Amino acid sequence: MKTGIHIKPCNIGDCEKLNSRDKDYIESVKKSGRSIYIFEDLTHLNQSKIFKWSRDYDYSRSTIAQLFAYECDLYKEKIGRAPMLKDRIRTDKKTGKQKTISGWSPIREGVIPIKADTQISDFAKINNWLLSKGIHTIRIDLHHDEGYQDEKGDRKYNHHAHIIMDCLNHDTGKTVKLSKEDIEELQGVVADALGMERGEKKAVTGAKHLNPAEYRQQEAEKKEREATAMISETKSTLVTIHNRAEELISLFEGSFCQHKELAVLIKDLKDCIFLIESQLNKI
6 MKTGIHIKPC
16 NIGDCEKLNS
26 RDKDYIESVK
36 KSGRSIYIFE
46 DLTHLNQSKI
56 FKWSRDYDYS
66 RSTIAQLFAY
76 ECDLYKEKIG
86 RAPMLKDRIR
96 TDKKTGKQKT
106 ISGWSPIREG
116 VIPIKADTQI
126 SDFAKINNWL
136 LSKGIHTIRI
146 DLHHDEGYQD
156 EKGDRKYNHH
166 AHIIMDCLNH
176 DTGKTVKLSK
186 EDIEELQGVV
196 ADALGMERGE
206 KKAVTGAKHL
216 NPAEYRQQEA
226 EKKEREATAM
236 ISETKSTLVT
246 IHNRAEELIS
256 LFEGSFCQHK
266 ELAVLIKDLK
276 DCIFLIESQL
286 NKI
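Just so we're aligned, residue 6 is where the sequence shown starts under the working numbering, counting upward by one.
Printed below as a string of C-alpha cells:
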C-alpha cells in the first residue's frame with residue numbers, strides 16, 4: 006500500500022465535528038444532499054488523540070476555533086496588524102500574470118492514507134519531524150469507517166488519517182513555511198513511520214490531489230464513460246445481428262418458403278429482429 010501526506014488549510018468550523026463524527030453534523034450533511042460514505046457500524050474503530058503543548062498553550066482545553074481566535078490576536082500583537090484571512094489576487098506589473106495569494110492559515114491539516122491496523126502511536130516519528138520544524142501537532146484522527154459500496158454491494162474502504170497542525174511560531178507571530186525539499190522529506194518520513202510504500206511524486210505522475218467530493222465526481226464520470234462505451238459496443242453488435250438476420254430472410258424467402266424448416270427459421274429470424282429493434286429503441 007502507498008501513502009503520503011497532502012497538507013491544506015484546516016476547515017476551522019467543521020474539522021472537529023467531522024473528525025469526531027458528531028451525529029448532528031452528519032445528519033445535517035445528509036439533509037443537505039451531500040454524498041457521504043461513512044459506515045456507522047465501523048465508527049467505533051476510529052481513534053482520536055488531542056495533544057497538549059505544555060509551553061504556552063493547551064490544545065486539549067480549547068476548540069480549533071478558539072485556538073484560531075487566540076492566534077489572530079497573537080499575530081496582531083507580534084506583527085502589529087490584523088492577518089489577511091481571505092485569498093487575494095496579485096498582478097505582476099512586468100508580465101501582467103496574476104497569482105493567487107492564499108489567506109493566512111496558521112492551522113493546517115494533513116490527510117494521510119493508512120492501513121487498517123494503523124495506530125496513533127505509529128505517528129511518533131511524524132510528530133517528532135514536524136516538531137523539529139517548529140510545527141506542533143494539535144490532534145490526530147484515524148478514520149476506518151469511510152469508503153463506498155460498489156455495484157455488487159461490496160465495501161471498499163478508505164482508511165486514512167487527519168493530522169491537524171499548529172504552524173504558528175508563538176514567539177514571532179509568523180507561520181512556519183515548509184519548502185519543497187521539506188515536503189519531499191516529510192513524504193518519506195510518513196511512509197517509513199507507517200510501514201507503507203511511498204506514493205509516486207506528483208511531479209512524475211502529474212496527478213492532482215482530489216478531495217472526497219472531487220474523487221466521487223471523478224469516479225462517477227469514469228463509470229459513466231465505461232457505461233457509454235459498453236452501450237455503444239452492445240448497440241453495434243445488435244445492429245450487426247439485425248442486418249445479418251435481414252440478409253438471411255431476404256435469401257430464404259420466396260421460392261424456398263415451401264420448406265417447413267426454412268419457414269420456421271424465417272419466423273425465428275423475424276422474431277429476433279423484432280426483439281433487437283426493441284432493445285435498440287431502449288438504448
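Cβ atoms here follow ideal geometry from the backbone N, Cα and C, with glycine treated the same way. Bear in mind that the values here come from a model prediction, so they are computed numbers and not experimental data.
CA-CA distance, residue i and residue j?
i              : j              : result
leucine 135    : glutamate 231  : 43 Å
arginine 95    : cysteine 15    : 23 Å
glycine 18     : threonine 8    : 27 Å
serine 33      : cysteine 277   : 52 Å
cysteine 20    : threonine 177  : 26 Å
leucine 191    : valine 244     : 57 Å
alanine 234    : leucine 280    : 22 Å
glutamate 252  : threonine 242  : 16 Å
histidine 149  : leucine 90     : 33 Å
lysine 57      : aspartate 27   : 22 Å
serine 237     : serine 110     : 49 Å
tyrosine 153   : asparagine 51  : 17 Å
alanine 208    : serine 184     : With a pLDDT of 47 at alanine 208, under the threshold of 50, the predicted position of this residue should be treated as unreliable, though the coordinate-derived value follows. Rounded to the nearest angstrom, the two C-alpha atoms are 15 Å apart.
lysine 81      : leucine 173    : 13 Å
alanine 87     : tyrosine 30    : 31 Å
asparagine 163 : arginine 113   : 21 Å
cysteine 77    : isoleucine 117 : 28 Å
isoleucine 246 : glutamine 103  : 58 Å
lysine 161     : glycine 85     : 50 Å
threonine 210  : serine 37      : Caution is warranted here: a pLDDT of 44 is assigned to threonine 210, below 50, making its placement in the model unreliable, and the coordinate value is therefore given only provisionally. Distance between the alpha carbons of threonine 210 and serine 37 is about 35 Å.
lysine 22      : lysine 99      : 46 Å
lysine 227     : lysine 157     : 17 Å
According to DSSP, is residue i helix, strand or coil?
i              : result
leucine 90     : coil
glycine 204    : coil
asparagine 286 : helix
glutamate 238  : helix
serine 53      : strand
glycine 139    : coil
threonine 96   : strand
lysine 22      : helix
valine 209     : Residue confidence for valine 209 is low, a pLDDT of 45 falling below 50, so the modelled location carries little weight and cannot support an answer.
arginine 30    : Inspection of the sequence shows that residue 30 is occupied by tyrosine rather than by arginine. DSSP places tyrosine 30 in helix when its eight states are reduced to three.
threonine 68   : coil
isoleucine 281 : helix
lysine 102     : coil
isoleucine 17  : coil
tyrosine 75    : helix
isoleucine 246 : helix
isoleucine 12  : strand
tyrosine 42    : coil
Between residue i and residue j, how many whole angstroms is the CB-CB distance? I'm expecting something under 8 Å.
i              : j              : result
isoleucine 169 : isoleucine 43  : Not quite, the Cβ-Cβ distance comes to about 19 Å (not below 8 Å), so this is no contact.
leucine 199    : isoleucine 140 : In fact, because the Cβ distance is near 18 Å, the residues do not count as touching under 8 Å.
histidine 175  : leucine 72     : Not confirmed; about 11 Å, so no contact.
aspartate 122  : serine 53      : With a Cβ gap of about 17 Å, aspartate 122 and serine 53 do not count as contacting.
aspartate 92   : serine 107     : 5 Å
histidine 11   : glycine 115    : 7 Å
lysine 130     : aspartate 187  : With a Cβ gap of about 15 Å, lysine 130 and aspartate 187 do not count as contacting.
methionine 6   : glutamate 202  : 6 Å
histidine 167  : asparagine 24  : 6 Å
Going by C-alpha to C-alpha distance, which of the options sits closest to residue i?
i              : options                        : result
aspartate 171  : Ala87, Ala121, Asp61           : Asp61
isoleucine 125 : Lys83, Glu76, His165, Lys98    : His165
isoleucine 55  : His49, Ser67, Asp46, Thr48     : Ser67
aspartate 46   : Val194, Glu151, Asn163         : Glu151
valine 181     : Ala196, Val194, Lys240, Lys138 : Lys138
threonine 142  : Ile84, Asp63, Ala87, Ser37     : Asp63
valine 194     : Lys102, Phe128, Asn24          : Phe128
arginine 249   : Lys227, Thr239, Lys240, Leu274 : Leu274
leucine 240    : Ser255, Glu282, Lys227, Thr100 : Inspection of the sequence shows that residue 240 is occupied by lysine rather than by leucine. It is Glu282.
serine 65      : Asp155, Gly204, Arg144         : Arg144
lysine 83      : Ser37, Lys179, Glu189          : Lys179
Contiguous alpha helix (DSSP H) assignments of at least 4 residues, all confined to the stretch 114-199: Secondary structure remark: continuous alpha helix (DSSP H) runs of at least 4 residues inside the stretch 114-199, in chain order: 129-137, 185-199.
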